[in-house]
Structures are given as C-alpha cells and as structure tokens.
C-alpha cells in the first residue's frame, strides 16, 4: 500500500463486515473485514458504527494520523491507508472513510493476544509489566507508554498488544504498534465541544501494563530507559496532516495538532527533569 489516502470513492461493497464490540465505554461497535489481494491479506476497519445512526466518528482518520506521527518519531508500527469507499453493512450502503492495513505476521508466525499469553506464561505474583520486562520487551513497552500519552490513546487493552510466535524457528516478538483509533477526540462530538477541550486533560484510559492515567503511566518508565525518540518539529504538522483537510474540518485538524504539540512539549520537559 503506497498511496496513503485514496480520495476517489472505491466500490468495496464486496467486503463482509464482522462486528467488534467497542471496549472504550462509549456506545457502538467497530466493523472489521479482510480480503486477499495479490497474495496478501489486507485488513479493513470502519469508524464507530451505530445501528441507528450508521457509521460515525473518525477513528479511521486517527489511525493514519498516529501512523504518520510514529513515522516521524521513528517508532516501529503498523502502516495504514485511508480509503474513501462505498460499503454495505447489514444491507445498507454507506459512503464513508475506512482504513486498511497489511497483515503484520511473517510466514510461519502465529499470533496470540498479550493478555492471554501473560496468563499462560506468567510467574506467580508477576504483574503484566514485570512479565514484559522478563521477556525482554521493556523498550517496546516504554515506547508504547510514551506514544499513548502523546495521542491520548484510551484503549491499550491486552488484545491490542499481540505476541507473534514462530515455533519452527523458535522466535517470539511483539507485533508492531497498532490500533490507535480511540485516540485524540475519537467520539463524535460537536466542533464547539472539541474547541473547548483541554488537550492536556488526563482522561481515563485502558492500559494492560499500566494504570488508568496516560500521564501517570509515564512514571513507569525508568529514568535510564526513557525512549530515545526523534524530535517533533513544527514543520512536521504538514506531513502528519497532509491531505486530511478533505476528510475533517481544518479546525478539527488544528486541534489535533495542538494536542500532539503540547503533549510533546510536556514529554520533553518530563524527560529533561528526570
């Protein structure tokens, strides 16, 4: 997938959507599908779906914004493509935006959710964070905690981190960071409400390896293990938000950039004070 945004409407009514319940505490659910294309499995995801209102929210756009931000910061992650498409959901057609991503598993690998793997392999009394450190995954986890603060990711539950195993080659690794839809201002509120939002407000989050505060979770990172991220510059705004003015209002995009910029400034200050 080379082109990051496909604006021309694509007929994708052939996709068969499966309902995935929203775990964020808000109403609705997410619909996912997959399709084999040129020998590769492509996964598709819609924004929040409500059986009465239809497809609402902008989670798919959030995926692309987070994708670009992580590219700037130099963090391994799953890449997304944003597609303007006609889809059919439960016999109703919609024109909407969806996101697509390629299968991150290599040949011979199988996947298992981290929370399940933890239950199978943990030692007695071992916390999820302690387990990940023992497995040698601490750098990955610390980068994840930093990212989830920067984008205010509310939904890093145990299935949003996946373990990839290759039994033949005896390898095990964590999948690239993925699933950042429930970040920024993911709920479908009015523009007026979003403009009033304090971008530094510490909203409750789900975090399998930490607590319910993205800001407090930064304290879990040892002083000598602070992630060495590439710096974020004002000029990165153009790259991160490029082409999205056709999808979301300019005021909305500016508010997202304000969140990224101010949280990055806080993170830099946090690192320097430790």
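Numbering (the working numbering), first residue to last: 1 to 274. Yeah, the Cβ is synthetic: ideal placement off N, Cα and C, and Gly gets one too.
Between the alpha carbons of residue 170 and residue 163 lies a gap of roughly 13 Å.
Shown here, residue 204 sits in a strand according to DSSP, grouped into three states. In the pairwise beta carbon analysis, the stretch 141 to 157 is classified as not touching the stretch 94 to 112: fewer than three pairs are separated by under 8 Å.
Residue 134 counts as exposed, since fewer than 16 other C-beta atoms from the protein chains shown sit within 10 angstroms of its C-beta.
Counting only runs of 4+ residues, the alpha helix (DSSP H) found wholly inside the stretch 128 to 206 occupies 128 to 134, 138 to 150, 191 to 196, in chain order.
DSSP, reduced to helix, strand and coil, places residue 89 within a strand of the structure shown. Per DSSP, residue 53 is not a residue of any beta strand (DSSP E), being assigned neither H nor E. Going by C-alpha positions, residue 127 is about 25 Å away from residue 271.
Here residue 185 is near residue 194, since their CB atoms are less than 8 Å apart.
Here DSSP, grouped into helix, strand and coil, assigns residue 252 to helix. With a contact defined as Cβ atoms closer than 8 Å, residue 78 and residue 104 qualify at about 6 Å. Collapsing the DSSP output to three states places residue 94 in a strand. Under the three-state reduction of DSSP, residue 71 is assigned to helix. Under the DSSP assignment, residue 120 falls in the alpha helix (DSSP H) whose first and last residues are 114 to 121.
Note that the C-beta distance between residue 230 and residue 74 is below 8 Å. For residue 213, the pairing in a beta bridge is given by DSSP as 204.
Residue 245 and residue 5 have their C-alpha atoms some 11 Å from each other.
DSSP places residue 31 within a strand segment (E or B) once states are collapsed to three. Relative to the Cα of residue 251, the nearest Cα in the group 268, 191, 205 belongs to 191. Look at residue 100 here: in three-state DSSP terms it is strand. In the three-state scheme derived from DSSP, where H, G and I count as helix and E and B as strand, residue 110 is classed as strand.
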